[in-house]
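Be aware that the sequence shown starts at 61, since it is given in the numbering used here, and climbs by one per residue.
We put the beta carbon where it would ideally sit given N, CA and C, even for glycine.
Please read the structure below before turning to the comments.
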Amino acid sequence: LENPQLNRIVVNGEQVPSDLLRWKYRSRRLQDYLDDYRNIHGIGTIEVRDAKLILRSRTE
């Protein structure tokens, strides 16, 4: 995920902060957790479109 436009996402009427993936949980950045998830499950791209989260595999 390079340069995600998170601030275009609205949750419960509030914009998601653009630096969300730099926030830490248990001393790790959320970006690190997302990278691990993508690698484990073979996810290539992650996209939000029409209020839906779209995960595409690396083989598509």
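Report the rounded CA-to-CA distance for Val76 versus Leu66, giving the unit in angstroms. 6 Å
Between the alpha carbons of Arg89 and Ile100, how many angstroms are there, rounded? 17 Å
Just list the residues that DSSP pairs Ile103 with in beta bridges. Ser117
Among the residues of its own chain, which have a CB less than 7 Å from the CB of Leu115, if the five just before and after it don't count? Ile103, Ile106
What does the alpha-carbon distance come out to for the pair Arg109 and Leu94? 18 Å
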